[in-house]
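*Asks:*
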Amino acid sequence: MSNQYFENNVNLESNETVISYYFKGQTFHFITDNGVFSKKSIDFGSSLLLQKIILDDGDRVLDIGCGYGVIGLVIAKLNPQILVDMVDINERAIRLSCKNKALNKIENAEIFVSNLYQNIAKKYDAIISNPPIRAGKKIVHEIASSAFDFLNDTGVFWCVIQKKQGAESMMKLLTKIYQKVTIVEKDKGYWIIEAKK
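Quick note on numbering: this note's numbering labels position 61 of the sequence shown as 77, and the sequence is numbered without any gaps.
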């Protein structure tokens, strides 16, 4: 078995470390480990997505492919009136997300294992993803297209993707499925895309 972050390699050696992230006046601490995406620092794409995403009070949000929890936990901490569900196929990532939820004293997030939408039984006002590009185009497009079925009638799918890693094909896919698709931001080759149902 390879050691890709989008897989569930339970035999991978552990080497936990703590990183810090300062955002909107708060310092967050995240425990990371081998076998998770961007273990040494918060990646630029996730940070840009957090800067640009727009949510409303009372929204129910899904962070799909949550990794060690950066996007979902930052949203939950800064928006205590929002309920956030966070899922990943990688059990180590889920364990780290749970530790990071406790470390950052967050109450309004639920974290559980799910292969894409397999264990999702609710509908959401927003589904958010920094998709696992290395898992391949099929998986990345599945995250985006299947989100439609798990959004409320006025729900929104948000994602970040680099131009060189398929942003244009993502736009083509989304415009076939969603009513209104907008490139909210382009920065350093990263695109923030908002797709409204």
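No residue lacks a Cβ here, since even glycine has one placed at the ideal position from N, Cα and C.
Helix, strand or coil for E29, going by three-state DSSP, please let me know.
*Replies:* If DSSP states are grouped into helix, strand and coil, E29 belongs with coil.
*Asks:* Is the beta carbon of L89 sitting closer than 7 Å to the one on N120?
*Replies:* Yes, the pair counts as a contact, with Cβ atoms nearer than the cut-off.
*Asks:* Would you kindly work out how many angstroms separate the C-alpha atoms of S36 and H45, rounded to a whole number?
*Replies:* Whole-angstrom Cα-Cα distance: 4 Å.
*Asks:* Can you give me the C-alpha to C-alpha distance between K68 and E29, rounded to a whole angstrom?
*Replies:* If I take the Cα positions, the gap works out to 35 Å.
*Asks:* Starting from S145 and walking both ways along the beta strand (DSSP E), at which residues does that stretch end?
*Replies:* 140 to 145 is the span of the beta strand (DSSP E), which, as asked, contains S145.
*Asks:* How about W174: is its C-beta nearer than 7 Å to some C-beta of chain C?
*Replies:* You won't find chain C in this structure, because it holds only one protein chain.
*Asks:* Given that a residue counts as buried once 16 or more other Cβ atoms are within 10 Å of its Cβ, and exposed if not, what is V34?
*Replies:* Flag for V34 reads exposed.
*Asks:* In whole angstroms, give me the CA-to-CA distance for M187 and Q42.
*Replies:* One C-alpha to the other measures close to 33 Å.
*Asks:* With a CB to CB cut of under 8 Å and the five nearest residues on each side skipped, what residues in its chain are close to L132?
*Replies:* Closer than 8 Å at the Cβ level, and outside the excluded window around L132, lie I80, I105, I155, E158, I159, S162.
*Asks:* Quick check on DSSP: helix, strand or coil for V156?
*Replies:* It is helical.
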